[in-house]
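Number of protein chains: 2
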Amino acid sequence: MSEFLIPRMTVIGVGLIGGSFALALKQAGVVGEVVGVGRGVDNLKTALKLGIVDRYTTDPAEGVDDADLVFLATPVLSAGDVVEQIAANLKPGAIVTDGGSVKEAMIDAIEPLLPESVHFVPGHPIAGTEHSGAEAAFATLYRDRRCILTPTEKTDADAVSLVKSLWQKAGSEVVVMDVEKHDRVLAAISHLPHMVAYALVVAGSSYDRYDENILEYSAGGFKDFTRIASSDPTMWRDIALANRDALLEMMNHFETVFAELKEDVSSGDGRKLYDFFLKSKQSRDAIL
Amino acid sequence: MSEFLIPRMTVIGVGLIGGSFALALKQAGVVGEVVGVGRGVDNLKTALKLGIVDRYTTDPAEGVDDADLVFLATPVLSAGDVVEQIAANLKPGAIVTDGGSVKEAMIDAIEPLLPESVHFVPGHPIAGTEHSGAEAAFATLYRDRRCILTPTEKTDADAVSLVKSLWQKAGSEVVVMDVEKHDRVLAAISHLPHMVAYALVVAGSSYDRYDENILEYSAGGFKDFTRIASSDPTMWRDIALANRDALLEMMNHFETVFAELKEDVSSGDGRKLYDFFLKSKQSRDAIL
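Here the protein sequences line up with chains A and B, keeping their order. 90 is the number that my numbering gives to position 90 of the first sequence; each next residue is one higher, with no gaps. For my numbering, add 1000 to where a residue sits in the second sequence, where the first one is 1.
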């Protein structure tokens, strides 16, 4: 019997999310061997060089051979394809978990493809940086961050406990949450802000009353505020498609709030404007 | 005759903006004496101790006695009141300039009150930090920043040249711009983003489907993105009131763009979503 809680772990998608999870668990001494799976050989070589994985393969089915834990860190919309390739080769009792930022679509895509003998624990660490790839990974990414697990009716309770303990060993506070709630919370705190930032930049750059690009006048504030509008378009296309319903609910809610504010600006109601800004400042200061 | 380009300068409102301008001009060796005017004696004492001003008074009329240059760094909506108090005591040939972030309202409030013998040069340095008060002032705040001057039909060309040279000595690149354009550009790059950030926080905190505050789940990204929603509510009330027309134009434009994006999310059009996000990313990356 192995001295490790997880003798063999396979990470599919060895980038910031997958690579940092592997490094954190290695550092915590809970994994024996880490197998990396990906499409880009250069990135896998980097991961090997950096000690993130112990070996790698570009073949997902081969990669999950005899794995006790499989961590899916692929883009949300490609997870189904990957699981189709690995399902038949997963060993009975293996745990599959993931780090996708939209959970209902992920579960719908993955759960039906897995054999009954395999345990799927949907998860989402709320952490990240603007960098990507194996080079961006670091062992402390998840320290003092939250990780949300969204077990379904089919999810095995012992598997949830194990995955929970792994995230705790990586330094995270684990919250177990209903799938729908997760997707709505993430729509509010992450997906909506990205849509707003993207729209704000497009509004500025598409304003055509003058011959020059008025965004050229922007100072640090605008640049800081719109940093997230420089995020990867493919990733955000996938998230917008995968979390459509919750995102639309939040976009509608934001439109209502924004229209109220516009009404206060339009009517020149200083008292209402002050109250609105103060309420916002207090809410924001409260989460710091 | 004085050895200084500006023998006596009076700063009304010795905070981040006014204090930093005084420090920059002192360091450049172009001002002789700096007189500070304000309502808060503690802040004026701090300014004296920090060498920002050489003496101070709480009486604006007394403060502008024999001043060659008066820099108004008061909140946008109080500038009119201040100018009413100083107008009769300004010496002929004196130059009055300001740092207000909304120019048309500032000009409308100030210009009619000034005697013909005094030159008003409306200005706006695009610089700032989240701090305020004399303690926050520093000599290099304006270095490598833009300063926009918006002369009116009545503005004396020599006075514009002089104010322009002062901002250049403070390290800024000076742009002369039509008043309306200034107010629209600022609405786009600064005032609209503030409205959006305030609305985004209120949208999150007012979402009441769950018993807990969902903003508690927010990570670094949301906090960075909404930093400007912690700005001073009084200041932003004033700006929203003073730049109402240009701000409403931008809020309407933003609503149109946001509605288009929502339509793409709603229809699940991955191609259009990708194009939208890419266009935004490219526009934003281009101004870095």
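Built from N, CA and C at the ideal position, the CB exists for glycine as well. Predicted, not measured: the structure shown is a model, and the values here were computed from it.
Cβ atoms of residue j and residue i: under 8 angstroms apart, would you say?
{"i": "V1053 of chain B", "j": "L1090 of chain B", "result": "no"}
{"i": "V118 of chain A", "j": "V82 of chain A", "result": "no"}
{"i": "D1264 of chain B", "j": "F1276 of chain B", "result": "yes"}
{"i": "G1032 of chain B", "j": "R1008 of chain B", "result": "yes"}
{"i": "L1192 of chain B", "j": "M1250 of chain B", "result": "yes"}
{"i": "T1226 of chain B", "j": "A1203 of chain B", "result": "no"}
{"i": "G29 of chain A", "j": "A134 of chain A", "result": "no"}
{"i": "L261 of chain A", "j": "M1177 of chain B", "result": "no"}
{"i": "S266 of chain A", "j": "L1077 of chain B", "result": "no"}
{"i": "R55 of chain A", "j": "G1268 of chain B", "result": "no"}
{"i": "L273 of chain A", "j": "R1237 of chain B", "result": "yes"}
{"i": "S283 of chain A", "j": "L1215 of chain B", "result": "yes"}
{"i": "I126 of chain A", "j": "Y1217 of chain B", "result": "yes"}
{"i": "A137 of chain A", "j": "L23 of chain A", "result": "yes"}
{"i": "T58 of chain A", "j": "V41 of chain A", "result": "yes"}
{"i": "E1084 of chain B", "j": "L1113 of chain B", "result": "yes"}
{"i": "A1159 of chain B", "j": "F1021 of chain B", "result": "no"}
{"i": "D1224 of chain B", "j": "D224 of chain A", "result": "yes"}
Shortest alpha-carbon distance to residue i belongs to which of the options?
{"i": "K1279 of chain B", "options": "A:H124, A:E111, A:A229", "result": "A:A229"}
{"i": "A87 of chain A", "options": "A:E111, A:V76, A:I107, A:D98", "result": "A:E111"}
{"i": "E62 of chain A", "options": "A:D98, A:I12, A:G270", "result": "A:I12"}
{"i": "A139 of chain A", "options": "A:I17, A:L248, A:G270, A:G268", "result": "A:I17"}
{"i": "H1253 of chain B", "options": "A:G36, A:T234, A:D208", "result": "A:D208"}
{"i": "F1004 of chain B", "options": "B:D1269, B:L1166, B:Y1217, B:N1243", "result": "B:L1166"}
{"i": "A199 of chain A", "options": "B:S1206, B:A1188, B:V1201, B:D1059", "result": "B:A1188"}
{"i": "S161 of chain A", "options": "A:G51, A:S218, A:A136, A:P122", "result": "A:P122"}
{"i": "Y1142 of chain B", "options": "B:Q1168, B:D1156, B:K1154", "result": "B:Q1168"}
{"i": "K26 of chain A", "options": "A:Q85, A:Y217, A:G51", "result": "A:G51"}
{"i": "K154 of chain A", "options": "A:V179, A:A47, A:D211", "result": "A:V179"}
{"i": "A1219 of chain B", "options": "A:T152, A:D232, A:D144", "result": "A:D144"}
{"i": "S1206 of chain B", "options": "A:T256, A:E212, A:P92", "result": "A:T256"}
{"i": "S2 of chain A", "options": "A:D68, A:Q85, A:P92", "result": "A:D68"}
{"i": "E130 of chain A", "options": "B:S1020, B:G1221, B:Q1085, B:E1212", "result": "B:G1221"}
{"i": "A242 of chain A", "options": "A:P60, A:A79, A:A47, A:L44", "result": "A:A79"}
{"i": "D232 of chain A", "options": "B:S1190, B:G1128, B:K1281, B:D1224", "result": "B:K1281"}
{"i": "I1107 of chain B", "options": "B:G1093, B:E1173, B:S1172, B:T1152", "result": "B:T1152"}
{"i": "E1289 of chain B", "options": "B:S1172, B:A1094, B:F1258, B:G1128", "result": "No statement about residue 1289 of chain B is possible, as the shown extent of chain B runs from 1001 to 1288 and does not include it."}
{"i": "M43 of chain A", "options": "A:P60, A:D66, A:G19", "result": "For the record, residue 43 of chain A in the displayed sequence is Asn; it is not Met. With distances taken between Cα atoms, N43 of chain A lies closest to A:G19."}
{"i": "D1066 of chain B", "options": "B:V1175, B:S1172, B:A1240, B:P1092", "result": "B:P1092"}
{"i": "A157 of chain A", "options": "A:N213, A:A240, A:F120", "result": "A:F120"}
Got a sec, what are the start and stop residues for the beta strand (DSSP E) residue i sits in?
{"i": "G1032 of chain B", "result": "1031-1037"}
With DSSP as the reference, please indicate the residues paired to residue i in a beta bridge.
{"i": "L69 of chain A", "result": "A:M9, A:I95"}
{"i": "Y56 of chain A", "result": "A:G36"}
{"i": "R146 of chain A", "result": "A:I126, A:E173"}
{"i": "V179 of chain A", "result": "DSSP, once it has assigned bridges, lists no residue as partnering V179 of chain A."}
{"i": "V1118 of chain B", "result": "In DSSP, V1118 of chain B forms no bridge with anything."}
Going by DSSP, what residue range makes up the alpha helix (DSSP H) through residue i?
{"i": "V1196 of chain B", "result": "1192-1205"}
{"i": "V1041 of chain B", "result": "1041-1049"}
{"i": "F1258 of chain B", "result": "1244-1267"}
{"i": "V1082 of chain B", "result": "1079-1086"}
{"i": "F1222 of chain B", "result": "1220-1225"}
{"i": "K1281 of chain B", "result": "1270-1286"}
{"i": "K1103 of chain B", "result": "1103-1110"}
{"i": "L1113 of chain B", "result": "Here L1113 of chain B belongs to no alpha helix (DSSP H), and DSSP marks it neither H nor E."}
{"i": "L1025 of chain B", "result": "1016-1027"}
Examine the Cβ distances between the segment 1092-1106 of chain B and the segment 1177-1185 of chain B and report whether three or more of them are shorter than 8 angstroms.
With the rule of 3 Cβ pairs closer than 8 angstroms, the segment 1092-1106 of chain B counts as touching the segment 1177-1185 of chain B.
Using a Cβ distance threshold of 8 angstroms, determine whether the segment 1070-1077 of chain B contacts the segment 1145-1158 of chain B, with at least three qualifying pairs required.
Short answer: they don't touch.
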